[in-house]
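**Student:** Those protein sequences? They're chains A and B, same order as listed.
According to my numbering, the first sequence is numbered sequentially starting from 1.
According to my numbering, the second sequence is numbered sequentially starting from 114.
Glycine included, C-beta positions come from ideal geometry on N, C-alpha and C.
One structure follows; several queries about it will come next.
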Amino acid sequence: QQQVKQSPQSLIVQKGGISIINCAYENTAFDYFPWYQQFPGKGPALLIAIRPDVSEKKEGRFTISFNKSAKQFSLHIMDSQPGDSATYFCAAHDPTSYGKLTFGQGTILTVHP
Amino acid sequence: DGGITQSPKYLFRKEGQNVTLSCEQNLNHDAMYWYRQDPGQGLRLIYYSQIVNDFQKGDIAEGYSVSREKKESFPLTVTSAQKNPTAFYLCASSILDGGGLQHFGDGTRLSIL
């Protein structure tokens, strides 16, 4: 019930291409879905987030698409750059459980120049 | 600059030894969290605290202990009972029920000698 499943585990994209990472969840109580970006040796940093009453949110080259009926959401990185190479985590916030964040397994993105 | 400071960055543990990881925040956040990160497994919650002198077990608390004597500090002790302690440990903080907006430190990498 608390699980968030993320795919793919790793992704290789050419510079200028589109990177797409998908997440699926079970718990309909989740009310906030952040994406975190993590560089090697660093902690995760909030990248972009969405609430389930919105189907899409865009910030620069990063877009979240949200499908509430399918309980799925995805991160799209347009015009991917080598500097985007990092590990990306989706997460889901449960307001019924002290504000717990449940994380996906992570996706290692490599953007080749 | 406000943020979360974790120390040390690297730590080595001998068999049968307890080690303590430090986490300090100056964001005036009430809630603090400890996560363990292993490759391909995302972030798993060890302990969390919403107020001074109170803390709760997360999903993988066995072999770990914490204290919360000050609002700014939330140290994690990895005890000898934790048989597989090698991992990247992340500390985070948020306002109470911050809706998923957790801020992370840059982690401590713990290895076995």
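Tell me which residues share the same chain as Lys184/B and place their Cβ nearer than 6 angstroms to its Cβ, disregarding the 5 neighbours each side in the sequence.
**Tutor:** Position 71 of the second sequence, counted from the first residue, corresponds to residue 184/B. Around Lys184/B: Val165.
**Student:** Quick check on DSSP: helix, strand or coil for Asp84/A?
**Tutor:** Position 84 of the first sequence holds residue 84/A. It is helical.
**Student:** With DSSP collapsed to three states, give me the class of Ser97/A.
**Tutor:** Against the first sequence, residue 97/A aligns to sequence position 97. Reduced to three states, the DSSP call for Ser97/A is coil.
**Student:** Let me know if Ser207/B comes out buried or exposed under the rule of 16 or more other beta-carbons within 10 Å of its beta-carbon.
**Tutor:** Within the second sequence, numbered from 1, the residue matching residue 207/B stands at position 94. Buried, because 16 or more other Cβ atoms sit within 10 Å of the Cβ of Ser207/B.
**Student:** I need the DSSP call for Val179/B, collapsed to helix, strand or coil.
**Tutor:** By one-based count along the second sequence, residue 179/B stands at place 66. Here Val179/B sits in strand by DSSP.
**Student:** Verify whether the separation of the beta carbon atoms of Phe168/B and Arg181/B is less than 9 angstroms.
**Tutor:** Residue mapping note: residue 168/B aligns to position 55 of the second sequence, counting from 1. Residue mapping note: residue 181/B aligns to position 68 of the second sequence, counting from 1. Against a cut-off of 9 angstroms, the Cβ pair of Arg181/B and Phe168/B comes out as a contact.
**Student:** Could you spell out where the beta strand (DSSP E) holding Gln9/A opens and where it closes?
**Tutor:** In the first sequence, the residue the question calls residue 9/A occupies position 9. Where Gln9/A is concerned, there is no enclosing beta strand (DSSP E), given that its DSSP letter is neither H nor E.
**Student:** Which one of Gln81/A, Thr107/A, Leu101/A and Ser7/A has the shortest CA to CA distance from Phe33/A?
**Tutor:** The residue labelled residue 33/A in the question sits at position 33 within the first sequence. Here the closest residue by C-alpha is Leu101/A.
**Student:** Taking CB distances under 9 angstroms as the criterion, tell me whether Phe168/B reaches chain A.
**Tutor:** Counting from one through the second sequence, the residue named residue 168/B turns up at place 55. Judged by the 9 angstroms Cβ criterion, Phe168/B is not in contact with chain A.
**Student:** Please list, in chain order, the chain A residues whose beta carbon lies closer than 8 angstroms to that of Asp143/B.
**Tutor:** Here the question's residue 143/B lines up with position 30 in the second sequence. Here the premise fails: no neighbours, minimum Cβ distance about 11 angstroms.
**Student:** In three-state terms, what does DSSP make of Ser69/A?
**Tutor:** Counting from one through the first sequence, the residue named residue 69/A turns up at place 69. Reduced to three states, the DSSP call for Ser69/A is coil.
**Student:** Tell me which residues share the same chain as Gln1/A and place their Cβ nearer than 7 angstroms to its Cβ, disregarding the 5 neighbours each side in the sequence.
**Tutor:** Here residue 1/A refers to the residue found at position 1 of the first sequence. Caution is warranted here: a pLDDT of 47 is assigned to Gln1/A, below 50, making its placement in the model unreliable, and no coordinate value can be reported.
**Student:** What's the gap between the Cα of Phe187/B and the Cα of Ser135/B?
**Tutor:** One-based indexing of the second sequence puts residue 187/B at position 74. One-based indexing of the second sequence puts residue 135/B at position 22. So the alpha carbons of these two residues sit roughly 7 angstroms apart.
**Student:** Given this structure, state the Cα-to-Cα distance separating Ser55/A from His93/A, to the nearest angstrom.
**Tutor:** Stepping through the first sequence from its first residue, residue 55/A is reached at position 55. Stepping through the first sequence from its first residue, residue 93/A is reached at position 93. Roughly 17 angstroms separates the two Cα atoms.
**Student:** Examine the Cβ distances between the segment 77-91 of chain A and the segment 12-22 of chain A and report whether three or more of them are shorter than 8 angstroms.
**Tutor:** Touching, yes, given that three or more Cβ pairs across the two stretches are closer than 8 angstroms.
**Student:** Does Ala70/A pass the burial test, meaning 16 or more other C-beta atoms within 10 Å, or should it be called exposed?
**Tutor:** For this step, residue 70/A is matched to residue 70 along the first sequence. When all chains shown are included, Ala70/A counts as exposed.
**Student:** Check whether the Cβ atoms of Val4/A and Gly104/A lie closer than 9 angstroms to each other.
**Tutor:** Mapped onto the first sequence, residue 4/A falls at position 4. Mapped onto the first sequence, residue 104/A falls at position 104. Cβ atoms of Val4/A and Gly104/A: closer than 9 angstroms.
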